[in-house]
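Quick mapping for you: the protein sequence lines, in order, are chains A and B.
Residue numbers are given in this note's numbering: position 26 of the first sequence equals residue 27, and the series is strictly consecutive.
Residue numbers are given in this note's numbering: position 464 of the second sequence equals residue 465, and the series is strictly consecutive.
Every residue, glycine too, gets a C-beta built ideally from N, C-alpha and C.
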Amino acid sequence: ALVSVICPPPQNYPLYIRSVPTENELKFHYTVHTSLDVVDEKISAMGKALVDQRELYLGLLYPTEDYKVYGYVTNSKVKFVMVVDSSNTALRDNEIRSMFRKLHNSYTDIMCNPFYNPGDCIHSRAFDNMVNSMMMQVC
Amino acid sequence: AAATAGAGGLLLPLSESEQQRYSELFSRCCPPPEAAAGASSVGELFRASQLPPDTLHQITEVCGAKRVGYFGPAQFYIALKLIAAAQSGFPVRIESIKNELPLPRFMALKNDSEVRYGTPAELHGVKFQVPHATLEKNSYKRTDEGDKQEPKSPPMSPICSPPASPSTYQRIPLSYGYGKSRSGLEQQHGAPYEVRHSTHQQDAPSSGNYGAKPAHCSTLNRSLSAEREQQDSSAHYSDDPWRITEEQRDYYINQFRSLQPDLNSFISGSMAKNFFTKSKLPIPELSHIWELSDVDCDGALTLPEFCAAFHLVVARKNGYQLPETLPETLLPEYLQAASLKPMRDCALFDSYSESLPGGQQTRDFSRTEKATAEEVPDNSALLQDAKKDDKQALKGSTALKTIPKEFQHLTVKTAAQESNALKARPRSRSYSSTSIEDAMKKGEEPPTPPPRPQKSHSRASSLDLNRVFQQNTQAVRSGWLPPPPPALPPRPPVSQTEQVSEVELHPQMNRPPSQAEENSSAKKEVVLAQPPSKPARRKLRTEAQGLETPELSPTINVTSSLPAVKPHLPVQKQSSKQKRAIQTAIRKNKEANAVLARLNSELQQQLKEVHKERIALETQLEQLRPVTVL
């Protein structure tokens, strides 16, 4: 299972949530929201090195099911969150990083689209395709 | 006896004389065995009708030729009828041609007497479809099963909605095959001319056409297979609705010009947004169109990207569904190669009319450009492939006549590469510091320091260049922007000949003031470029260099990639060279400005963020301070 979320500042509400498979989505949503808080914490604690490629966040493990939640923050404080099954041990750090980078790339592409108003939910087909393909790869 | 020319559901009544006339005109414009009329002959014919050009444009649009990209028999016939309508004073609409109309009149063609032909009611099964029914999938299926009628040639008409997915385009060759055979085998297709429709009337007739296609595929396969092969070979007139015709391209280029006079520059996102919003398409669709057409994702549209976007808008307005990915014929590289060719042609011949030595000189320019193109950092395989092509083409071409095309191709590719590389580069900037460093390093290595040993050129009578180079060693490092006009930027593969020619241009310039201005402006820009942080500077330089290569290629109109670089003194044609050089410089400056502006905005952004950080830190400090004081 893989969930990805994008939340830009300052509101920090998710512009885009996609999960595969689609059951338990509510739980993922919840997970994501709580992890956003943790991400915020991390950012503020970071101080000078505000530009961090990624952060590996392993702390949020549920007792019943294992999840790894990864976070990623850009220069402009846009947060990307990914929730992955812990059972998916094949996923390595580098892969997570590359996935975040892809997400980031696609996100900037969307931003370049003059028809996109920042703050809107993201409906881009290209973006969806990219995310889907990424998730298919993982699951 | 009335015959109908079905064109994707538009069932036109044609009287015998009309049919005769039209087919005669069609064969005149389109020598068999081709299937579609040559655009130029069609254009001539239309102009002979003495209608104003925008009427003719309208006619081409309405008849569907613009959309399908060629003049098939159906489009041609409709167009002829529309011309007749226009000449009779009717508006250019499909409705107009329902009525009785005289034959279209063409000057310099024999004028036929007017003939009335049957109203639609007379003909059997002729019905007229109201423009733009939406395609319903169920109707599609129904016609698949039930419809036995053979549709007319290319099933696309301006009125009817086309298939929903690109996959159905596969079917098109079949129907096109039908249409092709028509010109040749008219007797055989007497029956097909009469299209009776039963079930698919109300719904999208085009779907009926598509439905009927597979039904008739088998029957006409044999006869059509030959034509289809011909069709495949005539790649120019394919059924691809995503192919842009010359007229369409011209129209798009004019629109581009209205937004942005410099055809080599881009339209910003907001301008494009305003422009395309006028088309009244819903925003999500426009958003998707943008996504498709802005290939390098830089928030701006170059000319080919703009043409692609416009074409998609036109297609969408005509009822086509937007594809998921950009069709091949709308790719910027494809469009650039196709479009820039004709544009370059005139410039090319102009330059050819000048003396050959001038050509040689610019030849040198072009060689250095290509060499610099190699130097410019690039990550994509496309660039590298193109480079290889460049090299091969360089070696291969000998005849002067063939050189123009090669050069165009090369310079187009170079330009495309450069612009792509250019645009790809700013993106890498926004990511983590590591990637910035990478980009920096890449930016650094290929453009090795300009003060190269070659500074002293063979004919170095003109000290300017030497002095200039020395002065600006530092400046070059820090983002040297347009150097003195005729002098090419001191980039690595600067050959001696190039410098020679620069040198020669230099003294020949009769406009010292402008030179001085440009010198000073260049220096100013250099100075300006220095304050920004180092990475930005380096980036700027590579961008500037990258900019200048595409700049050079369009402006330097000469071709030739003769293998030998001849360092002899070319004879100067002063004024035109000067003008060109000045224009070059102006354009370079403009592009540099654009780049700088963008750089500026990005830096501003960074600055803002840094400010925020600072404020945050300061507040933290404030909070901590009282504690320590105690």
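Taking Cβ-Cβ distances shorter than 7 Å, what residues in chain A pair up with residue i?
i	result
B/His289	Arg126
B/Glu619	None at all; the shortest Cβ gap to chain A is about 13 Å.
B/Glu623	Within 7 Å Cβ-Cβ: nothing; B/Glu623 doesn't reach chain A, min ~15 Å.
Looking at the structure shown, is residue i part of a helix, part of a strand, or coil, going by DSSP?
i	result
A/Phe81	strand
A/Leu3	strand
B/Leu302	strand
A/Cys8	strand
A/Arg126	helix
B/Lys279	coil
B/Lys82	helix
B/Tyr335	helix
B/Ile245	coil
B/Val296	coil
B/Asp263	coil
A/Asp110	helix
B/Lys574	coil
B/Gln509	For B/Gln509, the predicted model reports a pLDDT of 47, less than 50, meaning its position is unreliable and no value from the coordinates is stated.
B/Glu446	Confidence at B/Glu446 is low in this model, with a pLDDT of 48, below 50, so its placement is unreliable and the value that follows should be read with caution. Here B/Glu446 sits in coil by DSSP.
B/Tyr23	helix
A/Tyr117	coil
B/Thr498	Bear in mind that the predicted position of B/Thr498 carries a pLDDT of just 46, short of 50, making it unreliable; the figure below should be weighed with that in mind. DSSP places B/Thr498 in helix when its eight states are reduced to three.
B/Tyr321	coil
A/Gly72	strand
B/Gly90	coil
B/Pro53	coil
B/Gly44	helix
B/Thr326	coil
A/Arg93	coil
B/Ser16	coil
B/Pro121	Bear in mind that the predicted position of B/Pro121 carries a pLDDT of just 36, short of 50, making it too unreliable to give a figure here.
B/Leu622	helix
Taking a contact to mean a Cβ-Cβ separation below 8 Å, would you say residue i touches residue j in this structure?
i	j	result
A/Val82	A/Ser5	yes
B/Leu304	B/Asp295	no
A/Lys80	A/Val139	no
B/Arg48	B/Asp263	no
A/Val84	A/Tyr68	yes
B/Lys591	B/Ser269	no
B/Val63	B/Leu83	yes
B/Glu603	A/Asn76	no
A/Ser125	A/Ile111	yes
B/Glu329	B/Tyr335	yes
B/Ile290	B/Ala310	yes
B/Arg317	B/Glu286	yes
B/His58	B/Glu306	no
A/Phe29	A/Ser20	yes
B/Phe276	B/Leu260	yes
A/Val33	A/Pro15	yes
B/Thr61	B/Ala87	no
B/Leu331	B/Leu323	no
A/Phe116	B/Ile284	yes
B/Cys30	A/Cys113	no
B/Gly65	B/Gln76	yes
For the ligand SAH, is there a heavy atom less than 7 Å away from the beta-carbon of residue i?
i	result
B/Phe267	Among the components of this structure there are no ligands whatsoever, and the ligand SAH is therefore not found.
Mind pulling the chain A residues with CB within less than 9 Å of residue i?
i	result
B/Glu325	Arg126, Ala127, Asn130
B/Glu17	Simply none; closest approach about 51 Å.
B/Glu329	Those do not exist, as B/Glu329 stays about 17 Å from chain A at its closest Cβ, beyond 9 Å.
B/Asp251	Those do not exist, as B/Asp251 stays about 25 Å from chain A at its closest Cβ, beyond 9 Å.
Among all the DSSP beta bridges, which residues are the ones paired with residue i?
i	result
A/Tyr17	A/Ile7
B/Ser269	B/Ala301
A/Val86	Looking at the sequence shown, residue 86 of chain A is not Val but Asp. Partner(s): A/Tyr68.
For a contact meaning CB atoms closer than 8 Å, what does residue i contact in chain A?
i	result
B/Glu603	The contacting residues do not exist; B/Glu603 stays about 11 Å from chain A at best.
* Residues in the region 256-287 of chain B with C-beta within 7 Å of chain A's C-beta atoms, listed in sequence order? -> Gly270, Ser271, Ala273, Lys274, Ile284, Pro285, Leu287
* If you measure beta-carbon to beta-carbon, which residues of the region 298-317 of chain B are closer than 9 Å to chain A? -> Cys298, Asp299, Gly300, Ala301
* Asked: In the region 103-120 of chain A, which residues sit with their C-beta less than 7 Å from some C-beta in chain B, listed in chain order?
  -> His105, Thr109, Asp110, Cys113, Asn114, Pro115, Phe116, Tyr117
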